[in-house]
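*Asks:*
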Amino acid sequence: MAKRARKTTRKPTRKARKPAKRRAAAPRGRGLARLVWATAGALAVAVLALGAILFFGPDAREPRPSPPVATMQVPAEERPVATAPAPPTQTRPRPEPQVAAAPQPAPAWRQHAMPASVAPGQPMIAIVIDDMGLDRARSNRTVDLPAPLTLAYLAYASDLDTQTRDARAAGHELLVHVPMQPGPGADPGPNAVLLGLDPAELDRRMAWNLSRFDNFVGINNHMGSQATADRPAMAKVMTMLRERGLLFLDSRTSGATVAQAEAEKHGIPALRRDVFLDHDPSPIAVRSALLDVEEVARRQGHAIAIGHPKDATIDALAEWLPDVRARGFALVPVSAVAARLAAPSQ
Ligand SMILES: [Zn+2]
Numbered sequence: 001m002a003k004r005a006r007k008t009t010r011k012p013t014r015k016a017r018k019p020a021k022r023r024a025a026a027p028r029g030r031g032l033a034r035l036v037w038a039t040a041g042a043l044a045v046a047v048l049a050l051g052a053i054l055f056f057g058p059d060a061r062e063p064r065p066s067p068p069v070a071t072m073q074v075p076a077e078e079r080p081v082a083t084a085p086a087p088p089t090q091t092r093p094r095p096e097p098q099v100a101a102a103p104q105p106a107p108a109w110r111q112h113a114m115p116a117s118v119a120p121g122q123p124m125i126a127i128v129i130d131d132m133g134l135d136r137a138r139s140n141r142t143v144d145l146p147a148p149l150t151l152a153y154l155a156y157a158s159d160l161d162t163q164t165r166d167a168r169a170a171g172h173e174l175l176v177h178v179p180m181q182p183g184p185g186a187d188p189g190p191n192a193v194l195l196g197l198d199p200a201e202l203d204r205r206m207a208w209n210l211s212r213f214d215n216f217v218g219i220n221n222h223m224g225s226q227a228t229a230d231r232p233a234m235a236k237v238m239t240m241l242r243e244r245g246l247l248f249l250d251s252r253t254s255g256a257t258v259a260q261a262e263a264e265k266h267g268i269p270a271l272r273r274d275v276f277l278d279h280d281p282s283p284i285a286v287r288s289a290l291l292d293v294e295e296v297a298r299r300q301g302h303a304i305a306i307g308h309p310k311d312a313t314i315d316a317l318a319e320w321l322p323d324v325r326a327r328g329f330a331l332v333p334v335s336a337v338a339a340r341l342a343a344p345s346q
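My numbering puts the first residue of the sequence shown at 1, with every later residue one more than the last.
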C-alpha cells in the first residue's frame with residue numbers, strides 16, 4: 001500500500017492522465033452522464049492534487065535521502081529518519097495507515113549517535129580514546145580536544161554521569177569500555193567478563209557494565225585477548241548487545257579474536273580497530289601512527305584508531321585534529337562508520 005501511495009503521488013503525470021482518460025470515456029455516455037463524469041473527474045483531480053500538496057509539503061520526507069550535492073549529514077541518516085517520525089501521517093487526506101505503519105524504534109546505537117558531516121564517498125576517520133574516566137586530569141584534557149571523538153569510559157571509574165555528560169556536551173560519542181579476560185598476569189579490573197563464569201554471573205557483570213551511565217552507542221573491550229578469542233563468551237556478550245540495540249567495536253587486542261565475527265553473526269553492527277595510536281607512547285610514534293590512520297582511511301574508505309589518555313597521544317591529537325578536514329577526511333564518531341557499513345544492506 002505504501003508503494004502504491006508513493007507511486008500515485010510521485011508521478012505528477014498520472015494526475016494529468018487520469019482526467020484525460022475519463023474524458024475519453026465520456027463521449028460514449030449521454031449528456032447527464034457526461035456532466036457526472038466531468039464533475040467526478042474534476043473532484044478526483046482536486047483530491048489527488050490536495051493529496052500531493054500535503055504529502056510533498058515542506059516537511060515531507062523521502063524514504064531514501066535524495067543524493068545531496070555537497071555534503072550528507074550522517075545524523076540525518078542515523079536518526080530514526082528512515083522510520084520517519086510524525087510528519088507524513090498528520091496531513092494524509094485518505095486513510096492509508098500502512099504508510100505510517102508503526103515504525104520500529106531506532107536501535108540505541110542510532111539514537112545515541114553524535115552528529116557527523118560526511119560527503120558521499122569521503123574517507124572517514126574515527127578516533128577512539130579508551131580507558132577514559134580513571135585519570136581525571138587527562139580524561140578532561142581529552143574531552144577538550146576537537147570533537148567528535150569517541151570516548152570509551154571504564155564502568156568502574158567514578159562520577160561517570162558528570163564525566164560522560166560533559167563529554168557529550170563537548171560533541172563526543174560514548175562507548176562503554178568493558179573489561180574482559182586478558183592474557184596471564186594482567187588485571188582487567190572489577191566486573192570483567194572472564195572465562196569460566198557461569199552464565200548468570202556473566203549476565204550480571206555485563207548488565208552492571210552497561211548500567212553505569214547512559215547515552216552510549218555500544219561497547220569495546222578493555223584488554224580481553226583471551227575473552228575475545230572465546231566463541232561461547234562472545235556469543236553471550238553479543239546476545240546482550242543485540243537485545244539492547246548496541247554496536248560492538250573489537251579493540252583487537254589479540255590476533256585470535258572472534259569477537260567481530262560473533263557480533264556479525266548476531267546481526268549487530270560490528271566494527272574493528274584498524275590502528276593503535278600509542279602502543280609506543282613516544283610523540284614521534286604517535287604522529288607516525290596518525291599517518292597510518294590516514295593511509296588506511298584512503299585505502300579502505302574509513303579507519304578506526306584507538307588511543308589512550310596519555311600525554312603524547314593528547315598532544316599529537318591536539319596538533320593533528322584541527323587540520324584533518326582540510327586534508328580531505330571526515331572526522332566522525334564510530335557510529336558514522338557503522339551507519340555507512342550498514343547502509344548498503346538496508
Ligand atoms: Zn582499555
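Positions of the beta carbon are idealized from the N, C-alpha and C atoms, including for glycine.
Nearest to Arg325 by alpha carbon, out of Ala147, Gly255, Met240?
*Replies:* Ala147
*Asks:* For the beta strand (DSSP E) containing Pro179, list its first residue and its last residue.
*Replies:* If you look at Pro179, you'll find it in the beta strand (DSSP E) that goes 173-180.
*Asks:* Residues with a Cβ closer than 5 Å to any heavy atom of ligand 1, in chain order?
*Replies:* Taken from the N-terminal end onward, the list reads Asp130, Asp131, His222.
*Asks:* Does Asn220 come out as helix, strand or coil in the three-state DSSP assignment?
*Replies:* strand
*Asks:* Would a C-beta distance cut-off of 7 Å place Ala108 and Gly307 closer than the cut-off?
*Replies:* no
*Asks:* Is Arg212 buried or exposed, if buried means 16 or more other CB atoms sit within 10 Å of its CB?
*Replies:* buried
*Asks:* Below 8 Å on the Cβ atoms is my contact criterion, and I expect Leu362 with Ala227 to pass it. Report the Cβ-Cβ distance as a whole number of Å.
*Replies:* Because the chain spans 1 through 346 in this model, residue 362 falls outside it and cannot be assessed.
*Asks:* For Pro67, which residues of its own chain have a beta-carbon under 8 Å away from its beta-carbon, when the five flanking residues on both sides are left out?
*Replies:* With a pLDDT of 38 at Pro67, under the threshold of 50, the modelled position of this residue cannot be trusted; read the value that follows with caution. Counting only Cβ-Cβ distances below 8 Å, and skipping sequence neighbours, we find Pro120.
*Asks:* Within 10 Å of its beta-carbon, does Asp250 have 16 or more other beta-carbons around it, so buried, or fewer, so exposed?
*Replies:* With 16 or more Cβ atoms within 10 Å of its Cβ, Asp250 is classed as buried.
*Asks:* Across the segment 281-296 and the segment 257-265, are there enough close Cβ pairs to call them in contact, namely three or more that are closer than 8 Å?
*Replies:* no
*Asks:* Closest by CA to Gly189, which one among Lys310, Gly224, Arg165?
*Replies:* If we check each option's Cα against that of Gly189, Gly224 comes out closest.
*Asks:* Assign Thr162 to buried or exposed, taking buried as 16 or more other Cβ atoms, counted over all protein chains shown, within 10 Å of its Cβ.
*Replies:* exposed
*Asks:* Going by beta carbon distance, what residues of the same chain come within less than 6 Å of Arg242, once the five residues before and after it are set aside?
*Replies:* His266, Ile268
*Asks:* From the DSSP output, read off the bridge partner residues of Ala113.
*Replies:* Answer is none; Ala113 lacks a bridge partner.
*Asks:* Please list the terminal residues of the continuous alpha helix (DSSP H) segment that includes Leu246.
*Replies:* Looking at the DSSP string, Leu246 is not in any alpha helix (DSSP H), and its letter there is neither H nor E.
*Asks:* Can you check whether the CB of Thr150 is closer than 7 Å to the CB of Glu173?
*Replies:* In contact: Glu173 and Thr150 (Cβ atoms closer than 7 Å).
*Asks:* Excluding sequence positions up to five away, which residues of its chain have a Cβ less than 7 Å from the Cβ of Ala167?
*Replies:* Val143, Leu151, Leu174
*Asks:* Output the distance between the C-alpha atoms of Ala186 and Ser254, rounded to the nearest integer angstrom.
*Replies:* 14 Å
*Asks:* Return the CA-CA distance between Ala297 and Leu134, expressed in angstroms with no decimal places.
*Replies:* Going by the C-alpha atoms only, they are around 30 Å apart.
*Asks:* Please state whether DSSP places Ala270 in a helix, a strand or coil.
*Replies:* strand
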